[in-house]
Amino acid sequence: MVTKRSVSLADEVATAVEEAAKQDGVSFSAWLSSAAERQLRVRQGLRGVAAWEAEAGDLTAEEIAAGEALLARLLSGVSGMASRVRRR
Amino acid sequence: MATSRVGLVYGSAALRAAARGDRMVWALHRAALAIGIVPVVPASAIAEGYRTEARGDRLAALLAGSEVEVLSGEGARRAGELAARADTTDLVAVEVVEVADRRGCAVVASRQTALRAAAGLLGHDLVLYAV
């Protein structure tokens with residue numbers, strides 16, 4: 001089922017979305033819907049992380065930095081082995 | 001030269017690690033979400049995760065921020081043929097590699113020969129965080 005809504009976008013955003021949708025071979029609406037869905041998934045995911053932290057203890061600044069560094073390595077194409085970050 | 005990746009695919013070992021409270025896996029998951037990357041999980045890995053892990057609540061928390069990749073009929077055929085060529089019964093590992101190759105993702109999984117065999121057959125340069 002689809003709900004029709006009227007939304008307002010800044011001119012430059014609308015132009016960029018039009019271009020991106022064209023490149024991806026989907027409609028303007030489908031592109032916006034997909035972007036919104038992804039944003040909602042990120043939001044739900046961060047809530048999931050917070051739920052786990054509420055039980056297991058907050059990730060420390062050191063652990064967060066280690067996760068970010070690991071992600072950066074993987075996205076740059078470098079494999080890695082599991083290592084442990086000491087929890088303060 | 002290393003090829004960059006645009007996302008992450010979780011295998012069943014990644015789910016297992018999260019269910020058992022592996023803090024690095026949770027930190028990696030958080031880091032991905034923080035920059036708008038939603039990790040991908042093949043449905044078969046989810047089934048395997050729930051089969052082996054008692055902490056379904058933790059799996060659900062991780063999966064809340066993940067995209068489930070559902071296998072199509074065509075995808076199932078490709079995975080089965082690839083598993084046969086890789087001489088493995090580990091369909092989850094084969095699916096993980098197939099998704100990683102098709103979507104340009106790095107893999108979070110265990111260190112398995114099946115992963116490497118499937119990647120080799122696809123000519124895929126596997127980028128793996130072995131948990």
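Residue numbers (my numbering), protein chains in the order written: chain P, 1 to 88; chain L, 1 to 131.
C-beta atoms are modelled at their ideal positions from N, C-alpha and C, and glycine is treated no differently.
It should be emphasised that the depicted structure is a prediction, and the values quoted were computed from it without experimental measurement.
Whose C-beta lies closer than 6 Å to the C-beta of residue i among residues of the same chain, with five residues either side of it excluded?
i        : result
L/Ala119 : Val97 and Leu126
L/Cys167 : Lying outside 1 to 131, the shown extent of chain L, residue 167 of chain L is not represented and no answer is given.
P/Arg88  : Unreliable placement is indicated for P/Arg88, whose pLDDT of 48 sits below 50; no coordinate value is reported for it.
L/Asp90  : Ala114
L/Ser66  : Pro39 and Val41
L/Gly49  : Ser12, Leu15 and Leu59
P/Glu12  : none
Where does residue i sit, in a helix, a strand or coil, going by DSSP?
i        : result
P/Met1   : coil
L/Val108 : strand
L/Val9   : strand
P/Leu90  : Any property of residue 90 of chain P remains undetermined from this structure, which presents chain P solely from 1 to 88.
P/Ala82  : coil
L/Ala130 : strand
P/Val17  : helix
P/Arg88  : With a pLDDT of 48 at P/Arg88, under the threshold of 50, the modelled position of that residue is not reliable, and the figure given next carries that caveat. In the structure shown, P/Arg88 sits in coil (DSSP, three-state: anything other than H, G, I, E or B).
P/Ser76  : coil
P/Asp24  : helix
L/Thr3   : coil
L/Gly120 : helix
L/Leu15  : helix
Chain P partners of residue i, CB-CB under 9 Å?
i       : result
L/Leu28 : Ala66, Gly67, Glu68, Leu70, Leu71 and Leu74
L/Leu8  : Leu71, Leu74 and Leu75
L/Leu62 : Gly45, Gly48, Val49 and Trp52
Which residues of chain L have a Cβ atom closer than 8 Å to the Cβ of residue i, listed in chain order?
i       : result
P/Val42 : Leu33, Gly36, Val38 and Gly65
P/Ser8  : In chain order: nothing, as chain L lies at least about 23 Å away.
P/Val78 : Ala2 and Val127
Cutting at 8 Å between CB atoms, please list the residues of its own chain near residue i, excluding the five before and the five after it.
i        : result
P/Gly80  : Leu70, Arg73 and Leu74
L/Val99  : Val9, Val40, Pro42, Glu69 and Cys105
L/Arg103 : Val6, Gly7, Val9 and Val40
Cutting at 7 Å between CB atoms, please list the residues of its own chain near residue i, excluding the five before and the five after it.
i        : result
L/Tyr62  : Residue identity differs from the one stated: residue 62 of chain L is Leu in this sequence, not Tyr. If we look at L/Leu62 and ignore the five residues flanking it on each side, its Cβ neighbours are Leu15, Ala18 and His29.
L/Thr3   : Asp125
L/Asp101 : Leu122 and His124
L/Glu95  : Pro42, Ser44, Leu71 and Ala79
L/Arg116 : Leu126
L/Thr88  : Val94, Ala114 and Ala117
Cβ closer than 7 Å: which chain L residues qualify as neighbours of residue i?
i       : result
P/Glu63 : Arg23 and Ala27
P/Met81 : Ala130
Quick one: list the residues of chain P neighbouring residue i, beta-carbon separation under 7 Å, in chain order.
i      : result
L/Arg5 : Leu74, Leu75 and Gly77
Could you tell me whether the Cβ of residue i comes closer than 9 Å to any Cβ of chain A?
i       : result
L/Ala76 : Of the chains in the structure shown, none is chain A; the protein chains are P and L.
Quiz prompt | Contact set between the segment 14 to 48 of chain P and chain L, restricted to residues whose Cβ is under 7 Å from the partner | solution = Arg38, Arg41, Val42, Gln44, Gly45, Leu46, Arg47 and Gly48
Practice problem: Please go through the segment 21 to 109 of chain L and give each complete alpha helix (DSSP H) segment of 4 or more residues, from N-terminal end onward. | Solution: 23 to 34, 43 to 52, 56 to 63, 73 to 86 and 91 to 103
Self-check item: Start-end ranges of the beta strand (DSSP E) lying completely within the segment 35 to 71 of chain P, minimum 3 residues
Solution: none
Practice problem: Closer than 7 Å, Cβ to Cβ, to anything on chain P: give me those residues from the segment 49 to 60 of chain L, in chain order. | Solution: Arg58
Quiz prompt | Near-chain P residues of the segment 104 to 121 of chain L - C-beta to any C-beta below 7 Å | solution = Ala106
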